[in-house]
Amino acid sequence: MGSKTPVFFTMILMAALMTPALSVCGQLKGSIEILEEYRNDNGYRETDGADLSGNPFNVDAAYNLVSLYPRFSLSFTPRLKANFMAEITSLSSIEGEGESETGLSLVTLSMGGRWGGMRAEGGLIPVNIGGGYLFSDDEPGFRISAPLSSRHRFTLQGALIYRASPFITAELKYQLGFFETVSLFGAFFVDKDDSAAAISDWIASNTGSIFWGGGAGEFFIGRAFVSLLAMAQTGSLSVVPETIEPELEAGGGWGWNRDRAYDIDLSGYLIDLSVGINVTEWLSLSSVFFVASGDRSPLDKAFEGFISLMPGDLMPPVFFEGVCDPLSEESFSFLGVNRQGVIAKGAKMAVKPLQTVTLDFSFVWLYAHEVRSTPSHYYGWEADSTLLFEWKNNRTLFIEIGTFQPEGYFSALTSEPERLGRVRTGFHLAF
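Structure follows, in structure tokens:
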């Protein structure tokens, strides 16, 4: 399939599939979503080894991605329903250097029901907790949600992630008002599948468990709308390395034990705060603050960096997606951030000049929470903008442009740190 084929392929599908959702005897309903993306990513860090010498920003990529999401729901009774959704993707390199890739995967296959205010679902279901910072994907599991009162709701969810590892979450939510909620949540993960070893070539095997607890809220203070998420992390890991460092062999370092493993006590925290205000009917402004803790000492028994298992899309996207180095033999990683953690602060502006058009702008400064090997805490700054054009229901055209400028922290690692950029455009349809 050539580089232009995905666009042509999508246009044909749009013409063939733009029909109303079908309904058979009032029981079977179907729909399909189409997502077309053109992405031009420059400056993404190469992930071959943990050595940061030389220029770390040296990967360019331009490609076209078409994703189709057929979805069906079958109602057996007014209370019992089965859900199915698959993902069909086609990826092509714009430069024609790489071969096209086509894939088919099952996203959702579940059975759910409602009995009064109680809801239950089981099968391959979405798993999301902690604002998407901890985990965001579809995995086999169950979810039970029940009202405790007219304003309180309790949700319990269990899933097997990374193929075999239990991930249990619980949330108690209180409805303050129409747009206002507060909640308490907890999550518990037991590593049964050497998950840390799977993402780092220096680990041969591992065991461990991690617990996260926190709270979230969305509420008004006067005219200002506040969104707050905070959580703390605790737990432990026992890691068997591929090779044994001499100083650890001698009895120092990360809690070396008789089973020839590193015993590591985990701790950490994360805070995400946004405060916004509607200046006019078409203009809103907000300030943002985010911190994920880093680790102070690389070779002691305690690891204080915040660990995220499989987070969803994070802001700012270029930094979190692009400034990613592999796990060094001294650290675990928070997605696009190494052991140093991250502090981000900035501002956002949303403009809606027309009912169908929305413009979003953001500017964020990023700093390392902890620094050991470089003299500067300053990662750099990122600017992002998004244009959304919506018509009818569930029809959206989008254009996203973002750039991250590396500064002092990276200047100590390379003499010419390059600016990272990303362009993402496409459309999203559901009918």
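The opening position of the sequence shown corresponds to residue 15 in the working numbering, with each subsequent residue numbered one higher. Just so it is clear, CB atoms sit at the ideal spot from N, CA and C, and this is done for glycine as well.
| Item | Value |
| --- | --- |
| Nearest candidate by alpha-carbon position, reference Ala154, set Ala173, Arg128, Thr169 | Checking the sequence shown, residue 154 turns out to be Pro, not Ala. Pro154 has its Cα closest to that of Ala173, out of Ala173, Arg128, Thr169. |
| Enclosing alpha helix (DSSP H) for Phe202 [first to last residue] | Per DSSP, Phe202 belongs to no alpha helix (DSSP H); it is in the beta strand (DSSP E), 195-205. |
| Endpoints, the beta strand (DSSP E) within which Tyr423 is located | Note, Tyr423: premise wrong, no beta strand (DSSP E); alpha helix (DSSP H) at 422-425. |
| Residues near Val204 in its chain [Cβ-Cβ closer than 7 Å; skip 5 each side] | Ser179, Pro180, Ser223 |
| Thr183, buried or exposed, once every other Cβ within 10 Å from all chains shown has been counted against 16 | buried |
| Reduced DSSP secondary structure (H/G/I, E/B, other) of Pro255 | strand |
| Distance CB(Ser119)-CB(Ser104) smaller than 8 Å | no |
| DSSP beta-bridge partners of Val356 | Ala306 |
| DSSP state of Leu443 mapped onto helix, strand, coil | strand |
| Cβ neighbour criterion (16 or more within 10 Å) applied to Asn220 | buried |
| Check whether Phe333 and Glu414 have beta carbons under 8 Å apart | no |
| Beta-carbon proximity check, Leu190 vs Leu242, cutoff 8 Å | no |
| The beta strand (DSSP E) enclosing Ser159, as first and last residue numbers | 149-161 |
| Residues that Gln369 bridges to, as DSSP identifies them | Answer is none; Gln369 lacks a bridge partner. |
| Segment limits, beta strand (DSSP E) that includes Asp279 | 276-292 |
| Enclosing beta strand (DSSP E) for Asp398 [first to last residue] | 392-404 |
| Local conformation of Gly44 per DSSP, three classes | strand |
| Between the CA atoms of Ser106 and Thr195 - distance to the nearest angstrom | 43 Å |
| Helix, strand or coil at Gly130 according to DSSP, with G and I counted as helix | coil |
| Inter-residue Cα distance where the pair is His442 and Ala218 | 42 Å |
| Segment contact flag, the region 314-328 with the region 369-382, C-beta cutoff 8 Å, min 3 pairs | no |
| Spatial distance of Thr248 from Arg167 (CA atoms) | 26 Å |
| Neighbourhood of Thr116 by C-beta distance below 6 Å, restricted to the same chain and skipping five residues each side | Ser104 |
| Reduced DSSP secondary structure (H/G/I, E/B, other) of Gly144 | helix |
| Nearest-angstrom Cβ-Cβ length linking Val365 and His383, presumed shorter than 8 Å | The Cβ separation is near 32 Å, so there is no contact. |
| Alpha carbon of Arg438 to alpha carbon of Trp129, nearest angstrom | 42 Å |
| Residues bridged to Trp226 [DSSP beta-bridge criterion] | Ala201, Gln247 |
| Close Cβ partners of Ile175 (< 6 Å) along its chain, the five nearest in sequence each way excluded | Glu153, Phe181 |
| For Thr183, the first and last residue of its enclosing beta strand (DSSP E) | 179-189 |
| Distance between beta carbons of Gly326 and Ser150, contact taken as under 8 Å | 3 Å |
| Supposed close pair Tyr83, Gly440 - CB separation, criterion 8 Å | Rounded, the Cβ-Cβ distance is 13 Å, inconsistent with contact. |
| Glu343 (DSSP reduced to helix, strand or coil) | For Glu343, the pLDDT reaches just 36, beneath the cut-off of 50, and the residue's location in the model is therefore unreliable, although a value from the coordinates is still provided. Here Glu343 sits in coil by DSSP. |
| Residue of Glu335, Tyr283, Thr417 minimising C-alpha distance to Gly144 | Tyr283 |
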